[in-house]
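Participant:
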Amino acid sequence: MRVFVTGATGFIGSYVVNALLQNGHEVVGVYRDENRIPQWEGSVKITMVKGDLADVRALRPHLQGCHACVHIALGWGETPTTMAQNDTLASLTLMEIAVEEGVEQFITTSSTAAMGQMRAIMDETVRNIPLDLYGATKAATESFMLGYRTTSMRRNIVRPGYTFGNPVAPQGRSQPDQRFQKIARAALAGEDIELTKHDGTQFAWAGDLAQVYLALVEGNLNEEVFLGLSAEWVSWQRIAQEMVELTGSRSKIKLMDLGWGAEPMLFSVDKLRTKLGITYQAYPQLSEHIKWVLKNA
974 MRVFVTGATG FIGSYVVNAL LQNGHEVVGV YRDENRIPQW EGSVKITMVK GDLADVRALR
1034 PHLQGCHACV HIALGWGETP TTMAQNDTLA SLTLMEIAVE EGVEQFITTS STAAMGQMRA
1094 IMDETVRNIP LDLYGATKAA TESFMLGYRT TSMRRNIVRP GYTFGNPVAP QGRSQPDQRF
1154 QKIARAALAG EDIELTKHDG TQFAWAGDLA QVYLALVEGN LNEEVFLGLS AEWVSWQRIA
1214 QEMVELTGSR SKIKLMDLGW GAEPMLFSVD KLRTKLGITY QAYPQLSEHI KWVLKNA
């Protein structure tokens, strides 16, 4: 199957491209940074195309002959209008082009940020109440995608949570969030590590998340939303403690009590299991990532 992937050299994108290639698919990957292309040099199954969401219409020729489009690239803006222009509108334009070029399936990358504030039930059916522009642009894109019922092109949505992982190649990227690195630097320097008590999440390894995209590419689902998280909740305190122990650090972990309960609110991953047959945990990959972060902090 020929699969078009935006954000192919980014953190999540590079894991998705690897999963597709390893399972016999042909990839047309969109990149912005030439320095990250060498990780796939020599592969006859991938064609790299320089492009940007700022000029999404220029990607049209490269969508021709593709069976699926996996949209991972993110547009950004500091105001509601620039965020909508650079991400939501660009994503919808790409979707329309895919329809016009006969692409059979469009998979877009949303985020748990589209859902907003944690509530007692956090599954794919709850109402989106985003808390920031990033969540708002993702929620808006979801609504337009699901509402585009006049097309026969299948449309599915993946909402990743906190995704971690080592770079897939020396030129690759790890996750953009710097909390792992901040804790590692403090542990290595023997400085106090300040965290919020009972703060944590259902960390997802990027390699596991890539399997969600792969399953959708190879399946026949339509108009489905999937939360891309592990079933295992892990606290930042546990991560910090692992780093302190691994380094033999003198650092003390200081917890700020904001009144958060000891019992975490969880995102449901039941649909991931029942519809795609996928379930995963944060460990042991989280331990390997902690070691990598300490080595590269």
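Just so we're aligned: 1003 in the working numbering is position 30 of the sequence shown, and the numbers increase by one with no gaps anywhere.
Each residue gets a CB set at the ideal place from its N, CA and C atoms; glycine is no exception.
Could you tell me how far apart the beta carbons of VAL989 and VAL1001 are, in whole angstroms, since I believe they sit closer than 8 Å?
Facilitator: Along the sequence shown, read from residue 1 onward, the residue named residue 989 stands at position 16. Along the sequence shown, read from residue 1 onward, the residue named residue 1001 stands at position 28. Rounded, the Cβ-Cβ distance is 13 Å, inconsistent with contact.
Participant: Quick one: is VAL1017 buried, meaning 16 or more other Cβ sit within 10 Å of its Cβ, or exposed?
Facilitator: Translated into the one-based positions of the sequence shown, residue 1017 becomes position 44. Per the 10 Å Cβ criterion, exposed.
Participant: Contact between the region 1193-1211 and the region 1138-1149 is defined here as three or more beta-carbon pairs at a separation below 8 Å; is this criterion met?
Facilitator: No, the region 1193-1211 is not in contact with the region 1138-1149.
Participant: Based on Cα-Cα distance, which residue from PHE1199, LYS1225 and GLN1175 lies nearest to THR1280?
Facilitator: Nothing about residue 1280 can be read from this structure; the chain reaches only from 974 to 1270.
Participant: Taking its Cβ as the centre, do 16 or more other Cβ atoms sit within 10 Å of ASP1028, making it buried, or is it exposed?
Facilitator: As a first step, residue 1028 must be located in the sequence shown, where it is residue number 55. Label assigned to ASP1028: exposed.
Participant: Between the Cα of HIS1040 and the Cα atoms of ALA1113, VAL1072 and TRP1209, which residue gives the shortest distance?
Facilitator: The count along the sequence shown starts at 1 and reaches residue 1040 at position 67. When each option's Cα is compared against that of HIS1040, the closest is VAL1072.
Participant: What's the C-alpha gap between ASP1230 and GLU1191?
Facilitator: For the purposes of this step, residue 1230 is taken as residue 257 along the sequence shown, with counting starting at 1. For the purposes of this step, residue 1191 is taken as residue 218 along the sequence shown, with counting starting at 1. Approximately 46 Å, taken between the alpha carbons.
Participant: Would you mind sorting THR1098 into buried or exposed? The rule is 16 or more other CB atoms within 10 Å of its CB.
Facilitator: On the sequence shown, residue 1098 is found 125 positions in, with the first residue counted as 1. It is exposed - the Cβ of THR1098 has fewer than 16 other Cβ atoms within 10 Å.
Participant: Which class does LYS993 belong to by DSSP, given the choice of helix, strand or coil?
Facilitator: Along the sequence shown, read from residue 1 onward, the residue named residue 993 stands at position 20. Note that residue 993 corresponds to Leu in the displayed sequence, not to Lys. LEU993: helix per DSSP, three-state reduction.
Participant: Identify which residue in GLU1007, LYS1264 and TYR1004 has its Cα closest to the Cα of ASN1139.
Facilitator: Your numbering for residue 1139 matches position 166 in the sequence shown. Nearest C-alpha to ASN1139: LYS1264.
Participant: With DSSP run on the structure shown, which of helix, strand or coil describes TRP1013?
Facilitator: Numbered from its first residue, the sequence shown carries residue 1013 at position 40. Three-state DSSP puts TRP1013 in a helix.
Participant: Below 8 Å, how does it come out for the region 1251-1262 and the region 1167-1182: are there three or more Cβ pairs, yes or no?
Facilitator: The region 1251-1262, when compared against the region 1167-1182, does touch it at the 8 Å Cβ threshold.
Participant: DSSP three-state label for LEU1194, please.
Facilitator: Sequence index remark: in the sequence shown, residue 1194 carries index 221 (1-based). Looking at LEU1194 - three-state DSSP - the assignment turns out to be coil, as it is neither helix nor strand.
Participant: With DSSP as the reference, label THR979 as helix, strand or coil.
Facilitator: Your numbering for residue 979 matches position 6 in the sequence shown. Residue state, collapsed to three classes: strand.
Participant: By a C-beta neighbour count over all protein chains shown, 10 Å radius and 16 as the cutoff for buried, is ALA1086 buried or exposed?
Facilitator: Mapped onto the sequence shown, residue 1086 falls at position 113. ALA1086 should be labelled buried.
Participant: Find the nearest neighbour of VAL976 within the set GLY983, ILE1094 and MET1021, judged by alpha-carbon distance.
Facilitator: The sequence position of residue 976 within the sequence shown is 3, counting from 1. Of the candidates GLY983, ILE1094 and MET1021, the one whose C-alpha sits nearest the C-alpha of VAL976 is MET1021.
Participant: Identify the continuous alpha helix (DSSP H) that holds GLN1254 and give its terminal residues.
Facilitator: By 1-based counting over the sequence shown, the position of residue 1254 is 281. Run containing GLN1254: none; DSSP gives neither H nor E here.
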